[in-house]
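**Q** At position 145 of the sequence shown the residue is numbered 145 (the working numbering), and the sequence of numbers has no breaks. By construction, the Cβ of each residue, glycine as well, lies at the ideal position given by its N, Cα and C atoms.
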Amino acid sequence: MNATSSFIYNLAEWITKFAYLNLLWILFTLLGGVFLGLFPSTISMFAVVRAWLKGDTDISVFRTFWKHYRDEFLKSNRLGVFVAVLIVFIALDIFYIQSSESNLLHWTYLPLFAFMLLFVMFLFYLFPAFVHFDTKLGQVIKNAFFIMLINPLTTLLIFLCLIPFIYLISILPAIGFIFGGSVYAFISMRFSLHAFQKVHEKKETLGSSQ
Numbered sequence: 001m002n003a004t005s006s007f008i009y010n011l012a013e014w015i016t017k018f019a020y021l022n023l024l025w026i027l028f029t030l031l032g033g034v035f036l037g038l039f040p041s042t043i044s045m046f047a048v049v050r051a052w053l054k055g056d057t058d059i060s061v062f063r064t065f066w067k068h069y070r071d072e073f074l075k076s077n078r079l080g081v082f083v084a085v086l087i088v089f090i091a092l093d094i095f096y097i098q099s100s101e102s103n104l105l106h107w108t109y110l111p112l113f114a115f116m117l118l119f120v121m122f123l124f125y126l127f128p129a130f131v132h133f134d135t136k137l138g139q140v141i142k143n144a145f146f147i148m149l150i151n152p153l154t155t156l157l158i159f160l161c162l163i164p165f166i167y168l169i170s171i172l173p174a175i176g177f178i179f180g181g182s183v184y185a186f187i188s189m190r191f192s193l194h195a196f197q198k199v200h201e202k203k204e205t206l207g208s209s210q
């Protein structure tokens with residue numbers, strides 16, 4: 001097999017893997033009745049992507065996905081409650097501002113938009129932190145928030161990678177259905193692992209200097 005054929009074969013293999021992982025994410029979300037299935041399925045998808053990025057490219061996607069779905073079902077749904085509360089809080093604020101006749105309340109759009117942007121950036125690291133750090137849920141949330149704060153450049157790179165992908169989905173919605181979740185997980189996990197490594201190296205440097 002020449003270099004060109006090998007490249008095409010590998011490319012086709014990875015396209016298939018990403019499509020298959022995205023399909024599992026959708027199916028297992030539905031299996032949990034959407035509300036109970038979304039977060040375990042998302043965590044499982046990120047766990048598979050993390051394994052790929054760590055070099056375990058030959059793992060069984062289904063077995064790895066199912067193991068994390070089963071083992072993290074309760075913990076991931078507790079995370080889902082936390083995220084849902086924040087989303088409801090944002091939605092209620094938007095509804096209250098839009099339904100109010102007071103022009104003064106319209107000034108609150110700016111801090112609310114800032115909070116929404118912060119929330120989106122926080123989500124970039126939340127799922128990767130969940131599968132990367134073997135800690136309690138509260139510590140996972142703290143880790144994700146702290147790493148988000150100290151890595152603005154990494155967060156910007158995530159945005160820069162996601163924007164063209166979202167634009168592509170807006171043109172070809174089928175791309176989102178086939179690859180949306182798995183590609184997002186790959187982008188977010190790829191840059192998050194880099195941020196995690198930087199934090200780990202800083203801790204080691206501080207530890208050795210003491």
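What would DSSP say about residue 59, mapped onto helix, strand or coil?
**A** Of the three classes helix, strand and coil, the one that applies to residue 59 here is coil, per DSSP.
**Q** Which residue spans inside the segment 83-160 form an unbroken alpha helix (DSSP H) run of at least 4?
**A** Entirely contained in the segment 83-160, the alpha helix (DSSP H) runs reaching 4 residues are, in chain order, 109-132, 137-150.
**Q** In the DSSP assignment, find the alpha helix (DSSP H) that holds residue 72 and state where it starts and stops.
**A** Residue 72 -> no alpha helix (DSSP H), and no H or E assigned at all.
**Q** Alpha carbons only, please: which of 174, 166, 193 is nearest the one belonging to residue 184?
**A** Checking every option, the nearest Cα to that of residue 184 belongs to 166.
**Q** Classify residue 64 as buried or exposed, calling it buried when 16 or more other Cβ atoms lie within 10 Å of its own Cβ.
**A** That one is buried.
**Q** Taking C-beta to C-beta, are residue 22 and residue 127 nearer than 7 Å?
**A** It is not a contact, given that the beta carbons lie outside the stated cut-off.
**Q** Using a Cβ-based criterion (distance less than 6 Å to any ligand heavy atom), does residue 44 qualify as near the ligand GTP?
**A** Ligands are entirely absent from the displayed structure, and the ligand GTP is therefore not among its contents.
**Q** Within 10 Å of its beta-carbon, does residue 109 have 16 or more other beta-carbons around it, so buried, or fewer, so exposed?
**A** Answer is exposed; the Cβ neighbour count stays below 16.
**Q** Exposed or buried, residue 151, counting other C-beta atoms within 10 Å across all chains shown (16 or more means buried)?
**A** The residue is buried, with at least 16 neighbouring Cβ atoms inside 10 Å.
**Q** Look at the Cβ atom of residue 175, then the Cβ atom of residue 169, and state whether they are nearer than 7 Å.
**A** Yes.
**Q** So residue 189 packs on residue 46, CB below 8 Å; how close in whole Å?
**A** Contact flag correct, Cβ pair sits at about 6 Å.
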